[in-house]
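K.L.:
For the first sequence, our numbering begins at 1 and goes up steadily by one.
Glycine included, C-beta positions come from ideal geometry on N, C-alpha and C.
Since the model is a prediction, treat every value here as computed from it, not as a measurement.
This is the structure, below, for whatever I ask next.
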Amino acid sequence: MVSLSKKLIKTLRRPAILIPQFYEPKAPALDLQEPFIPVSKLQETKLLEAQLVSILDSCISLTEIKRVHAHIIRKGLDQCSFLLTKLVRVLCKLNTPIDTYARLIFSQVYCPNPFLYTAIIRGYSVQGPLEKAVFLYGQMRRDDILPVSFTFTALLKACTGVLNVDLGRQIHGQSLKIGGFVQDLFVGNTLIDMYVKCGCLDFARRVFDELPTRDVISFTALIVAYAKSGDMVAASELFDRLPVKDMVAWTAMVTGFAQNAQPKEALEYFEKMQNSGVNTDEVTLSSVISACAQLGAIKYANWVRDFAEKSGFGLTDNVLVGSALIDMYSKCGSVEDAFKVFESMKDRNVFSYSSMIGGFAMHGCAREAIELFEKMMKVEVKPNKVTFVGVLAACSHAGLVEQGQHFFGMMENGCGIKPSVDHYTCMIDLLGRAGRLEEALELIQTMPIEPNGSIWGALLGACRIHRNPKVAEIAAKQLFQLEPDGIGNYVLLSHIYASAGRWEDVSRVRKLIRAKRLIKTPSLSMVEDENGGLHNFYSDDTIHPESKLIKQTLQDLLKRLKVHGYQPILSSAPYDVSDEEKERILLTHSEKLALAYSLLTTSANCVIRITKNLRICEDCHSVMSRASQLTSREIVVRDNLRFHHFRKGICSCGDFW
DNA sequence: ATAGGGTTAG
């Protein structure tokens with residue numbers, strides 16, 4: 001500000017020598033006494049303008065810009081809107097507050113053209129406040145200057161940024177009123193994006209349908225919107241209509257499937273994408289990696305990692321790919337590989353740390369998780385709310401109640417993060433797992449947030465571990481209201497009753513399930529063979545071509561285990577039937593079938609990795625544990641909650657899950 | 001100028 005001295009301002013007031021490119025009719029009349037500008041002089045000026053533009057583009061500091069501005073004034077180009085617009089844009093790019101310099105330049109121009117106006121509006125749109133951008137738009141209209149489409153895109157983008165859909169609609173109205181602009185592809189696409197980000201999918205669709213022509217960007221914006229709302233059918237329909245599919249559009253589909261728990265479709269689309277000859281970048285890869293994580297398919301995952309390395313998005317120098325890989329290896333059962341990735345990364349951000357901490361937590365490595373968290377604080381990577389979920393979960397799985405409470409207290413005081421319902425869920429889980437059910441219940445009643453399904457679910461889960469039907473009933477009552485269709489809750493309650501031998505209550509819950517026409521999620525276990533092929537096993541599976549052989553192998557195994565002291569844990573079959581029948585039911589559990597299949601088909605040094613969609617039962621846990629000792633095999637089971645590493649008869653969860 | 005971005009609990 002100070003540098004713009006009075007002298008400078010005086011210079012600014014001097015009438016322009018030449019006719020600027022975008023002079024409006026309202027420009028002051030030329031002084032006819034001025035000498036006629038010869039052609040050579042004009043050419044010279046054009047050349048100078050071009051030079052100045054390129055110099056402005058390379059400016060990286062305010063001082064440099066000011067120097068160029070002084071030069072512009074010296075050369076008598078201080079009314080050249082073209083140059084000044086460029087100047088304002090560069091100022092904006094360097095994040096110089098609009099009010100300090102750009103606004104002053106603007107006020108010195110006699111007849112600002114729409115581009116200069118728009119540059120200032122854009123500046124305010126980027127830096128805020130939005131009100132000033134809107135005010136300037138009003139001034140522009142009062143000055144009777146027609147906006148350009150870029151004026152609208154700038155304003156709309158600002159609305160999108162602060163999710164102000166009301167203002168967005170007004171601007172939409174303006175673009176209709178002035179005419180022609182809603183039909184502009186840029187404006188149309190920005191409108192779609194604004195409505196999408198503000199959650200007004202219907203409006204977005206209407207803009208899309210009313211556009212005279214649409215490009216791949218219009219399509220992609222809507223595809224993403226449908227994907228985010230969980231409607232992959234609508235997304236696919238649009239995608240099929242898209243004549244030319246580019247990398248971003250393909251990636252939107254891959255990401256959509258990955259985020260909607262359809263990892264197989266995600267991988268399918270990734271393969272189609274490559275067949276269509278489109279390139280792949282780190283965004284695509286991170287989604288593909290996330291799909292692998294969900295599948296627990298470590299062979300495919302390794303292939304994707306090699307692919308990433310080959311296409312120049314290696315884990316060492318790409319944070320996005322690296323962080324996704326950490327999560328993937330953790331979820332595929334190899335926390336060691338996850339840590340290798342973490343260590344080899346050049347840059348690590350909050351995602352990398354949070355994923356690694358969460359990975360340790362998932363595998364029951366509480367000490368490592370806490371150490372990494374402390375290291376993270378030391379290297380000044382700011383933890384976020386997800387980081388804390390990881391740390392608290394780690395404490396919870398290891399029974400470290402006091403440690404957990406310490407970190408929970410740290411959130412608000414040390415890190416300025418308000419504990420969310422997720423963090424309270426962790427605390428309920430922490431207390432509940434440790435058997436402090438009454439304390440957990442008390443926390444629910446006194447916490448400042450309305451308890452949701454997760455909160456009561458955590459308590460109900462703890463009641464299962466500690467076989468407490470009394471507290472379970474309190475939790476279940478709330479849960480059945482909050483999640484009336486959550487089949488898992490009913491099943492859990494019936495198991496708790498069963499383990500207490502309360503068969504009447506068990507059948508009461510079963511009746512409730514029938515009355516609500518809920519269907520039990522079928523138990524599904526998955527293993528990868530040595531060639532990367534995936535094999536699914538449902539409980540009591542007779543579909544698998546080798547099912548007879550598998551059953552025989554399982555029976556042989558159990559016979560051998562019994563010799564070494566294994567006793568079936570009959571309470572894991574929550575039915576009021578004879579002990580023989582219970583034992584028969586236990587034999588049908590999908591993870592046991594998967595184990596037998598792996599023992600049958602894989603070589604002795606190969607780690608057996610089983611992924612299960614439901615929680616592993618006590619009997620299967622005991623079988624896995626003993627089998628790991630008897631057969632000298634390493635067995636890794638991922639259930640819907642966490643990992644169990646069975647080595648030499650011992651599980652990483654410490655029989656506490 | 002406008003489209004795709006990873007880590008979360010029971």
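1. Going by beta-carbon coordinates alone, are residue 424 and residue 465 separated by less than 8 Å?
2. According to the Cβ coordinates, are residue 629 and residue 612 closer than 8 Å?
3. Thinking residue 249 and residue 208 are a contact (beta carbons under 8 Å), I'd like their distance in whole angstroms, please.
4. Quick one: using the 10 Å Cβ neighbour count with 16 as the cut-off for buried, is residue 25 buried or exposed?
5. Taking a contact to mean a Cβ-Cβ separation below 8 Å, would you say residue 190 touches residue 156 in this structure?
6. Closest to residue 392 by C-alpha separation, out of 441, 540 and 365, would be which residue?
7. Can you tell me the Cα-Cα spacing of residue 246 and residue 252, whole angstroms?
8. On a CA-only basis, which of 416, 414, 374 and 361 is nearest residue 389? Give me that one, please.
9. Applying the 10 Å Cβ sphere with the 16-neighbour rule, what's the burial state of residue 114?
10. Using a 10 Å radius around the Cβ and a threshold of 16 neighbouring Cβ atoms, would you call residue 166 buried or exposed?
11. I need the straight-line Cα distance from residue 315 to residue 63, nearest angstrom please.
12. Go ahead and label residue 32 buried or exposed: buried means 16 or more other beta carbons lie within 10 angstroms of its beta carbon, across all protein chains shown.
13. Shortest alpha-carbon distance to residue 440 belongs to which of 432, 446 and 263?
14. For residue 404, count the other beta carbons within 10 Å of its own beta carbon; 16 or more makes it buried, fewer makes it exposed. Which is it?
15. Please look up how many angstroms separate the CB atoms of residue 598 and residue 527, rounded, as I've assumed it's under 8 Å.
16. Straight-line CA distance for residue 636 to residue 334?
17. Per the DSSP calculation, residue 528 is bridged to which residue(s)?
18. Measuring straight from C-alpha to C-alpha, what distance separates residue 72 and residue 227?
19. Do you know offhand how far residue 237's Cα is from residue 533's?
20. For a test of the three-state rule: what should DSSP assign to residue 340, helix, strand or coil?
21. Suppose you measure from the CA of residue 483 to the CA of residue 331; what does that come to, to the nearest Å?
22. For residue 554, I'd like the list of residues in its chain whose CB is within less than 8 Å of its CB, leaving aside the five on either flank, ordered along the chain.
23. Hey, could you find the ends of the alpha helix (DSSP H) residue 348 is sitting in?
24. My guess is that residue 572 and residue 617 are in contact by the Cβ rule of under 8 Å, so how many angstroms apart are they, rounded?
25. Taking 7 Å as the limit between beta carbons, can you name the residues of its chain near residue 229, skipping five residues before and five after?
26. Relative to the C-alpha of residue 106, which candidate in 93, 121 and 524 has its C-alpha closest?
27. Less than 8 Å between the C-beta atoms of residue 116 and residue 126, yes or no?
28. Could you spell out where the beta strand (DSSP E) holding residue 636 opens and where it closes?
29. Where does residue 28 fall in DSSP's three states?
30. In its own chain, which residues sit with a C-beta less than 8 Å from the C-beta of residue 437, not counting the 5 before and 5 after it?
31. Rounding to the nearest angstrom, what Cα-Cα distance links residue 626 and residue 561 in this structure?
32. Is residue 223 helix, strand or coil when you go by DSSP?
33. State the DSSP-derived secondary structure class of residue 647, mapped to helix, strand or coil.
34. Near residue 426, which residues of its chain fall below 7 Å by C-beta distance, leaving aside the five closest residues on each side in sequence?
35. In the DSSP assignment, what residue or residues form a beta bridge with residue 612?
36. Using only CA atoms, which one of 381, 498 and 524 lies nearest to residue 610?
P.N.:
The short version:
1. Start at 1 with the first residue of the first sequence, and residue 424 comes out as number 424. Start at 1 with the first residue of the first sequence, and residue 465 comes out as number 465. In this structure, residue 465 does not lie closer than 8 Å to residue 424 by Cβ.
2. As a first step, residue 629 must be located in the first sequence, where it is residue number 629. As a first step, residue 612 must be located in the first sequence, where it is residue number 612. Not in contact: residue 629 and residue 612 (Cβ atoms no closer than 8 Å).
3. Taking the first sequence and counting its residues from 1, one reaches residue 249 at position 249. Taking the first sequence and counting its residues from 1, one reaches residue 208 at position 208. Going by Cβ atoms, the distance from residue 249 to residue 208 rounds to 14 Å, so no, they are not a contact pair.
4. Taking the first residue of the first sequence as position 1, residue 25 is located at position 25. Residue confidence is low: residue 25 scores 37 on pLDDT, short of 50, so the model does not pin down where it sits. Its coordinate-derived value is still stated next. By the neighbour-count rule (16 or more Cβ atoms within 10 Å), residue 25 is not buried but exposed.
5. One-based indexing of the first sequence puts residue 190 at position 190. One-based indexing of the first sequence puts residue 156 at position 156. Yes, Cβ-Cβ distance for residue 190 and residue 156 is below 8 Å.
6. Reading the first sequence from its first residue, position 392 is the one you call residue 392. Comparing Cα positions, the closest option is 365.
7. Counted from its first residue, the first sequence places residue 246 at position 246. Counted from its first residue, the first sequence places residue 252 at position 252. Each residue's Cα considered, the two are about 10 Å apart.
8. In the first sequence, counting from the first residue as 1, residue 389 sits at position 389. The residue with the shortest Cα to Cα distance from residue 389 is 361.
9. Indexing the first sequence from 1 puts residue 114 at position 114. Residue 114 comes out buried.
10. Looking up residue 166 in the first sequence gives position 166. It counts as exposed.
11. Looking up residue 315 in the first sequence gives position 315. Looking up residue 63 in the first sequence gives position 63. Roughly 39 Å separates the two Cα atoms.
12. Within the first sequence, numbered from 1, the residue matching residue 32 stands at position 32. Confidence is the limiting factor: at residue 32 the pLDDT is only 49, short of 50, which leaves the residue's position unreliable, though a coordinate-based value still follows. The residue in question, residue 32, is exposed, as its Cβ has fewer than 16 Cβ neighbours within 10 Å.
13. The sequence position of residue 440 within the first sequence is 440, counting from 1. Checked all of 432, 446 and 263; the closest Cα to residue 440 is 432.
14. By one-based count along the first sequence, residue 404 stands at place 404. Burial call: buried.
15. In the first sequence, counting from the first residue as 1, residue 598 sits at position 598. In the first sequence, counting from the first residue as 1, residue 527 sits at position 527. With a beta-carbon spacing of about 5 Å, residue 598 and residue 527 fall inside the 8 Å limit used to define contacts.
16. Taking the first residue of the first sequence as position 1, residue 636 is located at position 636. Taking the first residue of the first sequence as position 1, residue 334 is located at position 334. Pairing residue 636 with residue 334, the inter-Cα distance amounts to about 9 Å.
17. The sequence position of residue 528 within the first sequence is 528, counting from 1. BP columns for residue 528 point to 534.
18. As a working mapping, residue 72 is identified with position 72 in the first sequence. As a working mapping, residue 227 is identified with position 227 in the first sequence. Taking the straight line joining both Cα atoms gives about 50 Å.
19. Position 237 of the first sequence holds residue 237. Position 533 of the first sequence holds residue 533. If you take the alpha carbons of residue 237 and residue 533, they lie about 30 Å apart.
20. Within the first sequence, residue 340 is the residue found at index 340, counting from 1. It is helical.
21. Numbered from 1 along the first sequence, position 483 holds the residue referred to as residue 483. Numbered from 1 along the first sequence, position 331 holds the residue referred to as residue 331. Their backbone Cα atoms lie some 27 Å apart in a straight line.
22. Position 554 of the first sequence holds residue 554. The answer, listed in chain order, is 587, 592, 593, 595 and 596.
23. On the first sequence, position 348 is the one that residue 348 refers to. Unbroken run through residue 348: none, as it is neither H nor E.
24. On the first sequence, residue 572 is found 572 positions in, with the first residue counted as 1. On the first sequence, residue 617 is found 617 positions in, with the first residue counted as 1. Correct: roughly 4 Å between the Cβ atoms.
25. Taking the first residue of the first sequence as position 1, residue 229 is located at position 229. Excluding positions up to five away in sequence, the list reads 201.
26. Locating residue 106 in the first sequence gives position 106, counting from the first residue. Looking at the Cα atoms, 121 is the closest of the given residues.
27. Taking the first sequence and counting its residues from 1, the one referred to as residue 116 is at position 116. Taking the first sequence and counting its residues from 1, the one referred to as residue 126 is at position 126. Not a contact, by the Cβ cut-off of 8 Å.
28. Sequence index remark: in the first sequence, residue 636 carries index 636 (1-based). Counting along the chain, the beta strand (DSSP E) containing residue 636 begins and ends at 635-638.
29. Reading the first sequence from its first residue, position 28 is the one you call residue 28. Any reading at residue 28 must be qualified, since the residue scores a pLDDT of 45, below 50, and its modelled position is unreliable; the value itself is stated next. Three-state DSSP puts residue 28 in coil, outside helix and strand.
30. Within the first sequence, the letter at position 437 stands for residue 437. Cβ neighbours of residue 437 beyond the five flanking positions: 431, 459, 462, 463, 466, 468 and 471.
31. As a working mapping, residue 626 is identified with position 626 in the first sequence. As a working mapping, residue 561 is identified with position 561 in the first sequence. Rounded to the nearest angstrom, the two C-alpha atoms are 7 Å apart.
32. Here the question's residue 223 lines up with position 223 in the first sequence. It is helical.
33. The count along the first sequence starts at 1 and reaches residue 647 at position 647. Three-state DSSP puts residue 647 in a strand.
34. For the purposes of this step, residue 426 is taken as the residue at position 426 of the first sequence. Closer than 7 Å at Cβ, skipping near neighbours: 389, 392, 393 and 396.
35. In the first sequence, residue 612 corresponds to position 612, counting from 1. Its beta-bridge partners are 525.
36. Within the first sequence, the letter at position 610 stands for residue 610. The shortest C-alpha separation from residue 610 is found at 524.
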